[in-house]
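In full-length UniProt numbering, the protein residues as written are 1 to 254.
If you want it as structure tokens, here you go:
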């Protein structure tokens with residue numbers, strides 16, 4: 001059976017035309033993205049900077065395309081087969097591993113991660129088995145909300161979201177025309193100091209040093225103390241304040 005993985009570039013093509021196609025709607029927008037939404041937002045700004053007045057990104061910095069190595073090859077070389085993205089590549093592998101747990105437990109394992117290092121399972125272990133199931137919920141989410149997500153995934157399964165990861169090498173191929181391009185849109189990058197991987201593998205140095213800003217020249221960075229991955233929920237007021245301040249400053253110079 002042939003498996004077709006839609007790339008985020010295809011999603012952007014459909015999505016951006018949908019957002020901007022109505023004559024009475026504005027032709028530009030402020031964009032906010034988190035996690036995979038951040039990846040999509042970065043490349044929207046790379047492809048169509050004329051459409052974006054300002055960009056806010058939560059948690060996932062912009063990384064340049066390697067001119068020689070495909071994404072999954074590079075990740076597996078750096079982090080090994082235990083890296084969660086590497087484990088997601090083989091169709092059926094993650095789905096079968098997830099099936100050992102009920103849907104609510106899978107939600108808790110992924111949405112309530114309190115690890116700060118990259119998600120890398122020990123040799124011979126699947127990432128879903130490596131992740132802990134917390135006994136207590138944080139204050140920013142309820143059992144009812146988690147159950148809602150679990151119910152939705154029980155209807156759809158996990159293959160659709162996993163295919164985003166499986167399309168990463170396809171995206172690498174399609175991004176070739178933008179090799180070396182920079183994100184020129186005014187950008188506010190917000191990250192928690194407890195974000196997964198922030199303090200490992202040189203990520204903090206990349207973000208706070210000159211490399212990140214060399215690729216995103218009009219960049220502001222805000223690091224929120226005790227913020228984890230779902231920072232927009234965990235630190236809602238701080239994130240809101242950062243976004244409103246950024247938008248206010250942009251409006252003042254427009």
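Using N, Cα and C, we set each Cβ at its ideal position, and we do this for glycine too. Remember, predicted model here, so these are calculated numbers, not experimental data.
By the neighbour-count definition (other C-beta atoms within 10 Å, threshold 16), residue 186 is a buried residue.
Per DSSP, residue 29 is not a residue of any alpha helix (DSSP H); the beta strand (DSSP E) it occupies stretches across 29-34. Listed in chain order, the alpha helix (DSSP H) runs fully inside the stretch 150-191 are 159-166, 168-174, counting runs of at least 4 residues.
Closest in C-alpha terms to residue 37, from the list 161, 176, 128, 131, comes 161. Of the other Cβ atoms in all chains shown, fewer than 16 fall within 10 Å of the Cβ of residue 148; this residue is therefore exposed.
The three-state secondary structure of residue 208, taken from DSSP, is helix. As a beta-bridge residue in DSSP terms, residue 222 pairs with 190. In the structure shown, the three-state DSSP call for residue 131 is coil. The three-state secondary structure of residue 46, taken from DSSP, is helix. The three-state reading of DSSP puts residue 246 in helix, counting H, G and I together. For the pair residue 48 and residue 233, the Cα-to-Cα distance works out to about 29 angstroms. Annotation for residue 231: the continuous alpha helix (DSSP H) segment containing it runs 231-234. In the DSSP assignment, residue 53 falls within the beta strand (DSSP E) that extends over 52-58. If the five residues before and after residue 98 are omitted, its C-beta is found closer than 8 angstroms to the C-beta atoms of 106, 128, 158, all from its own chain and listed in chain order.
For residue 76, the uninterrupted alpha helix (DSSP H) segment begins and ends at 71-79. Setting aside the 5 residues that flank it on each side, residue 201 is surrounded in the same chain by 78, 118, each with a C-beta closer than 8 angstroms to its C-beta; the list follows chain order.
Residue 164 and residue 41 have their alpha carbons spaced roughly 15 angstroms apart.
Bridge partners of residue 120 according to DSSP: 83. Cβ contact annotation for residue 66 (same chain, cutoff 7 angstroms, sequence separation greater than five): 74, in chain order. Under the three-state reduction of DSSP, residue 98 is assigned to helix.
Residue 209 sits exposed, since fewer than 16 C-beta atoms from the chains shown fall within 10 Å of its C-beta.
The stretch 165-175 makes no contact with the stretch 191-206: fewer than 3 CB pairs, one atom from each, lie closer than 8 angstroms. One thing to note: residue 150 has its Cβ no nearer than 7 angstroms to the Cβ of residue 101. Look at residue 109 here: in three-state DSSP terms it is helix. When secondary structure is reduced to three states using DSSP, residue 227 falls in the coil class, being assigned neither helix nor strand.
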